[in-house]
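Top line first, the protein sequences correspond to chains V and X.
All residue numbers for the first sequence refer to the numbering used here, where the first residue is 146 and numbers rise by one.
All residue numbers for the second sequence refer to the numbering used here, where the first residue is 151 and numbers rise by one.
Written out below as structure tokens is the structure these notes cover.
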Amino acid sequence: GAGVSQSPRYKVAKRGQDVALRCDPISGHVSLFWYQQALGQGPEFLTYFQNEAQLDKSGLPSDRFFAERPEGSVSTLKIQRTQQEDSAVYLCASSSSAGGTYEQYFGPGTRLTVT
Amino acid sequence: SQQGEEDPQALSIQEGENATMNCSYKTSINNLQWYRQNSGRGLVHLILIRSNEREKHSGRLRVTLDTSKKSSSLLITASRAADTASYFCATAPISGGYQKVTFGTGTKLQVIP
């Protein structure tokens, strides 16, 4: 069956540009997570949705980061006025359970490079 | 911030040997999960062990959990070149309702054919 998909897979943005990253979770999955992964590090939590409700956004690094999941399925992570430190791989994951109790299924990630 | 720390940071072994990597964490947990990440397939869930379990097996994988020491180990037996990847532990804390999963820093495993 279809897994989690993300688009685009690669994005190069000039500093100051806005970017939008898309995540299509597994159909019917209640929970959706966004992570940021720097080179050589583990994924760092950004935000969590349960259906359309954003229950935790404590990991968003600044108010330039915004995420939404308006209909409880597809999610978009938007970064405004990108900075070089935003360069990373952005991972989306979904889970059939509420919260992180069960395994998460990850997408391939979007590699963002800010020049 | 990373909750878990994997040890060693990097490990290189010959094909057929066993690989052991460890994870230590700080807060009480509901469960601990191990994930594998390689460039070809992204992050893949390997195994989940609950706080009331001490050992779990899945194929060539064996996971142990010691909640008194706040540590877990992942053993891969009879390693193969395809096991070359980074391995991460991830913990889900004890709390009501939503539980945020936090990943460790990872162990980079290289299996030499």
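Even glycine gets a Cβ: it sits at the ideal position worked out from N, Cα and C.
Values in this document were obtained by computation on a predicted structure and should not be read as measured data.
Checklist line | beta strand (DSSP E) segment containing Pro-141(V), residue limits | finding: Because chain V in this structure spans residues 146 to 260, residue 141(V) falls outside the shown range and cannot be described.
Checklist line | Beta-carbon gap between Arg-209(V) and Leu-177(V) smaller than 8 Å | finding: No.
Note to self: For a test of the three-state rule: what should DSSP assign to Pro-231(X), helix, strand or coil?
What the structure shows: In the sequence as presented, Pro is not what sits at residue 231(X); that position holds Ala. Looking at Ala-231(X) - three-state DSSP - the assignment turns out to be helix.
Margin query: Taking only three categories from DSSP, how would you classify Glu-213(V)?
Written below: Glu-213(V) falls in the strand class under three-state DSSP.
Note to self: For a contact defined as C-beta to C-beta under 8 Å, what are the partners of Gly-252(V) on chain X?
What the structure shows: Residues of chain X passing the Cβ test: Gly-192.
Checklist line | Distance between beta carbons of Cys-239(X) and Glu-156(X), contact taken as under 8 Å | finding: Going by Cβ atoms, the distance from Glu-156(X) to Cys-239(X) rounds to 6 Å, so yes, they are a contact pair.
Item checked: Cutoff 7 Å; reference Leu-205(V); Cβ partners in own chain excluding five residues on either side -> Taken in chain order, the residues that qualify are Leu-191, Thr-192.
Check: Taking any Cβ of chain V, which residues in the segment 177 to 192 of chain X have a Cβ under 9 Å from it, in chain order?
Finding: Those residues of the segment 177 to 192 of chain X placed with their C-beta closer than 9 Å to a C-beta in chain V are Asn-180, Asn-181, Gln-183, Tyr-185, Gln-187, Arg-191, Gly-192, ordered along the chain.
Check: Do we get a CB-CB distance below 8 Å when we pair Asp-201(V) with the residues of chain X?
Finding: Asp-201(V) counts as touching chain X.
Item checked: Any chain X beta carbon closer than 8 Å to Lys-187(V) -> Lys is not the amino acid found at residue 187(V); the sequence shown has Gly there. Yes, Gly-187(V) lies at the interface with chain X (some Cβ there is under 8 Å from its Cβ).
Notebook entry, point to check: In this structure, does DSSP put Gln-159(X) in helix, strand or coil?
Noted result: It is coil, neither helix nor strand.
Notebook entry, point to check: Using a Cβ-Cβ distance under 8 Å, would Gly-209(X) count as near chain V?
Noted result: Not one chain V Cβ lies under 8 Å of Gly-209(X).
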